[in-house]
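Novice: As they're listed, the protein sequences go chains A and B. Using our numbering, the first residue of the first sequence is number 1, and each one after it goes up by one. Using our numbering, the first residue of the second sequence is number 213, and each one after it goes up by one. Cβ coordinates follow ideal geometry from the N, Cα and C atoms, glycine included.
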Amino acid sequence: MACGPSPTPGGYSVTPTEPLARPAAGQAAVRPPLPVKLVIAGGFGVGKTTAVGSISEIEPLTTEAAITEVAAGVDDLSHTPRKTTTTVAMDFGCITIDPTLKLYLFGTPGQERFGFMWDDIVEGAVGGLVIVDTRRLDDCYAAVDYFEHRQIPFAVAVNAFDGKVEHSLDEVRWALDVSEGVPVLVFDARERGSVRDALLVVLEQALARSGG
Amino acid sequence: MADGQSPHGPGEEPLAPAGPVGPAPAVRPFLVTAGRVAGAGEAASGRAMPVETQLVATTEGIDALGRLSFEQHDIVAACRVPQSIAEIAARLRLHLNVVRVLAEDLRSVGQLSVHVPDSGVTHDASVLRRVIDGLRAIPDSRGVLRDSD
Numbered sequence: 001m002a003c004g005p006s007p008t009p010g011g012y013s014v015t016p017t018e019p020l021a022r023p024a025a026g027q028a029a030v031r032p033p034l035p036v037k038l039v040i041a042g043g044f045g046v047g048k049t050t051a052v053g054s055i056s057e058i059e060p061l062t063t064e065a066a067i068t069e070v071a072a073g074v075d076d077l078s079h080t081p082r083k084t085t086t087t088v089a090m091d092f093g094c095i096t097i098d099p100t101l102k103l104y105l106f107g108t109p110g111q112e113r114f115g116f117m118w119d120d121i122v123e124g125a126v127g128g129l130v131i132v133d134t135r136r137l138d139d140c141y142a143a144v145d146y147f148e149h150r151q152i153p154f155a156v157a158v159n160a161f162d163g164k165v166e167h168s169l170d171e172v173r174w175a176l177d178v179s180e181g182v183p184v185l186v187f188d189a190r191e192r193g194s195v196r197d198a199l200l201v202v203l204e205q206a207l208a209r210s211g212g
Numbered sequence: 213m214a215d216g217q218s219p220h221g222p223g224e225e226p227l228a229p230a231g232p233v234g235p236a237p238a239v240r241p242f243l244v245t246a247g248r249v250a251g252a253g254e255a256a257s258g259r260a261m262p263v264e265t266q267l268v269a270t271t272e273g274i275d276a277l278g279r280l281s282f283e284q285h286d287i288v289a290a291c292r293v294p295q296s297i298a299e300i301a302a303r304l305r306l307h308l309n310v311v312r313v314l315a316e317d318l319r320s321v322g323q324l325s326v327h328v329p330d331s332g333v334t335h336d337a338s339v340l341r342r343v344i345d346g347l348r349a350i351p352d353s354r355g356v357l358r359d360s361d
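Printed below as a string of structure tokens:
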């Protein structure tokens, strides 16, 4: 599956910074872990931060990511779509697998108006988990579309608020129109084991895609 | 459909849905980068460093800590333990792209080591299996392993 320049030991590519590398200078004092990234997407208030917090070894951190929005609506017919830059809050956490490998979980806002924002965050992600609140299915269409178009392995996880799901998984699958191969499951964002199992479903998807 | 005023569920995010978070900082974010929005390496490659890119202080950087100031100092000091760009941005309350620019600067003078993950490697089956095995070892809230039932 490796593509592009040959990876160096430890899984790092020296691009894009190679052209400026100075020999013998700038050796890291400590070898960093290889970061593997999963993206957790979904509408506002659907439980992304809760899910990250349930399993992350650190309290979820928040940073502001600059995103480029392409204005929707009337401007769609224009040849020069109006682009604006917006700042959104992005929450994330991590899990140290071992000293050489670390899993990062990035939660991204998923409303449709952020349709073009994800590239900066998603670039290089091994997979995605789309969290769904069945009372507000509309909020996750953009995330589902995004992962499908970018061919990023993903699963749809219905967050069981108060242990209840208002629609069956078949109904959710039908409403979201996800392809057969995309797992749709129920989980509880507050439960560490439940979040772990949802992430494992995504990783199994990624593994299958990798030919492993 | 939600009625727009449904009570906050247990999984509700505490943050505002969009827009700037909190009051604007007194110092414009890119002042610390002298107005630059891209580091030299990024300009050359046309791609931003991924948010999980690892930053590690070099011995030169640690030796230079006494001479560094402000954000540069804070970044090198924090990166004595490897950190992702996103972690540095969050912990030091800097804009992600400001961290990218400053990391590139610090790298170019040998004070910071920047490790951009190779997506061919992170997507490799052997790496994914290790992540899967590591995750399976995490007990749930009641201390039950996934494979124990």
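Please name the residue or residues paired with isoleucine 40 (chain A) in a DSSP beta bridge.
Specialist: Paired residue(s): A:Gly107, A:Leu129.
Novice: Check the Cβ-Cβ distances between glycine 278 (chain B) and every residue of chain A, and say whether any is below 9 Å.
Specialist: Chain A contact via Cβ: absent.
Novice: Between which two residues does the beta strand (DSSP E) containing valine 328 (chain B) stretch?
Specialist: Counting along the chain, the beta strand (DSSP E) containing valine 328 (chain B) begins and ends at 324-329.
Novice: For valine 343 (chain B), count neighbouring Cβ atoms within 10 angstroms of its own Cβ and tell me buried if that reaches 16, exposed if not.
Specialist: Classification of valine 343 (chain B): buried, given that the 10 Å Cβ count is 16 or more.
Novice: For a contact defined as C-beta to C-beta under 7 Å, what are the partners of histidine 327 (chain B) on chain A?
Specialist: Those within 7 Å of histidine 327 (chain B) in chain A are Tyr12, Pro32.
Novice: Let me see if you follow: with CB-CB separation under 9 Å, is isoleucine 350 (chain B) close to chain A or not?
Specialist: Isoleucine 350 (chain B) counts as touching chain A.
Novice: Report the neighbours of glycine 346 (chain B) on chain A: residues whose CB is nearer than 9 Å to its CB, in chain order.
Specialist: Within chain A, the residues near glycine 346 (chain B) are Ile95, Thr96, Ile97, Asp98, Leu101, Leu103.
Novice: Quick one: Cα of histidine 79 (chain A) to Cα of glutamate 148 (chain A), how far?
Specialist: Confidence at histidine 79 (chain A) is low in this model, with a pLDDT of 48, below 50, so its placement is unreliable and the value that follows should be read with caution. Their Cα atoms are separated by approximately 26 Å.
Novice: When the distance is taken between beta carbons, is alanine 28 (chain A) closer than 9 Å to proline 294 (chain B)?
Specialist: In contact: proline 294 (chain B) and alanine 28 (chain A) (Cβ atoms closer than 9 Å).
Novice: Strictly below 7 Å CB to CB, what residues from chain B border glycine 212 (chain A)?
Specialist: Result: Ala337, Leu340, Arg341.
Novice: So what does DSSP say about threonine 96 (chain A), is it helix, strand or coil?
Specialist: Correct three-state label for threonine 96 (chain A): strand.
Novice: Using the rule of at least 16 other Cβ atoms within 10 Å of the residue's Cβ for burial, across every protein chain shown, is leucine 243 (chain B) buried or exposed?
Specialist: It counts as exposed.
Novice: For alanine 41 (chain A), is the classification buried or exposed, using 16 other Cβ atoms within 10 angstroms of its Cβ as the cut-off for buried?
Specialist: Per the 10 Å Cβ criterion, buried.
Novice: So which of A:Glu191, A:Gly128, A:Val186, A:Glu204 has the shortest CA-CA distance to isoleucine 55 (chain A)?
Specialist: Comparing Cα-Cα distances from isoleucine 55 (chain A) to each of A:Glu191, A:Gly128, A:Val186, A:Glu204, the minimum goes to A:Glu191.
Novice: Check the Cβ of glutamine 27 (chain A) against every Cβ in chain B and list those closer than 8 Å, keeping chain order.
Specialist: In chain order: Thr270, Thr271, Ser325.
Novice: Is tryptophan 174 (chain A) buried or exposed, if buried means 16 or more other CB atoms sit within 10 Å of its CB?
Specialist: The residue in question, tryptophan 174 (chain A), is exposed, as its Cβ has fewer than 16 Cβ neighbours within 10 Å.
Novice: Using a beta-carbon distance below 9 Å, is isoleucine 287 (chain B) in contact with chain A?
Specialist: Judged by the 9 Å Cβ criterion, isoleucine 287 (chain B) is not in contact with chain A.
Novice: Identify, in the order they occur along the chain, each residue of the same chain with its Cβ nearer than 6 Å to the Cβ of valine 311 (chain B), setting aside the five sequence neighbours on each side.
Specialist: Cβ within range, chain order: Ile297, Ile300, Ala301.
Novice: Using beta carbons (cut-off 9 Å, strictly below), is leucine 308 (chain B) in contact with chain A?
Specialist: Output row for leucine 308 (chain B): interface = yes.
Novice: Flag this pair as yes or no: are the beta carbons of valine 202 (chain A) and isoleucine 121 (chain A) separated by less than 9 Å?
Specialist: Going by C-beta atoms, valine 202 (chain A) is not nearer than 9 Å to isoleucine 121 (chain A).
Novice: Let me see if you follow: with CB-CB separation under 9 Å, is glutamate 283 (chain B) close to chain A or not?
Specialist: It does not; no Cβ of chain A falls within 9 Å.
Novice: Taking 9 Å as the CB-CB cut-off, is leucine 267 (chain B) touching chain A?
Specialist: Answer yes: the Cβ-Cβ gap between leucine 267 (chain B) and chain A drops below 9 Å somewhere.
Novice: How would you label glutamate 283 (chain B), buried or exposed, when you count the other beta carbons within 10 angstroms and need 16 or more for buried?
Specialist: The residue in question, glutamate 283 (chain B), is buried, as its Cβ has 16 or more Cβ neighbours within 10 Å.
Novice: What would DSSP say about threonine 266 (chain B), mapped onto helix, strand or coil?
Specialist: According to the sequence shown, residue 266 (chain B) is glutamine rather than threonine. Three-state result, glutamine 266 (chain B): strand.
Novice: Ignore the nearest five residues each way along the sequence and tell me which others in valine 178 (chain A)'s own chain have a CB closer than 8 Å to its CB.
Specialist: These residues qualify, in order along the chain: Val144, Glu148, Val156, Val184.
Novice: Suppose the cutoff is 8 Å on Cβ atoms and the five residues either side in sequence are ignored; what does the same chain contact list for alanine 289 (chain B) look like?
Specialist: The residues are Ala269, Leu277.
Novice: Verify the contact flag: valine 132 (chain A), CB atom, against every heavy atom of the ligand SAM, threshold strictly below 8 Å.
Specialist: Inclusion of the ligand SAM in the displayed structure is not the case, the ligand content being empty and no account of it being possible.
Novice: Would isoleucine 121 (chain A) count as contacting chain B if we go by Cβ distances under 9 Å?
Specialist: True, the Cβ-Cβ gap to chain B drops below 9 Å.
Novice: Tell me the DSSP bridge mates of leucine 34 (chain A)?
Specialist: Paired residues: A:Leu101.
Novice: Output, in chain order, the set of chain B residues within a Cβ distance shorter than 9 Å of phenylalanine 106 (chain A).
Specialist: Val263, Glu264, Ala298, listed in chain order.
Novice: Among the residues of its own chain, which have a CB less than 7 Å from the CB of arginine 196 (chain A), if the five just before and after it don't count?
Specialist: Excluding residues within five positions, the ones whose Cβ falls inside 7 Å are Ile55.
Novice: Assuming contact is defined by CB atoms lying nearer than 9 Å, are leucine 306 (chain B) and leucine 314 (chain B) in contact in what I supplied?
Specialist: Their beta carbons are under 9 Å apart, which means leucine 306 (chain B) touches leucine 314 (chain B) by this criterion.
Novice: Inspect the beta-carbon positions of methionine 261 (chain B) and valine 328 (chain B) and report whether they are closer than 9 Å.
Specialist: Closer than 9 Å, so yes.
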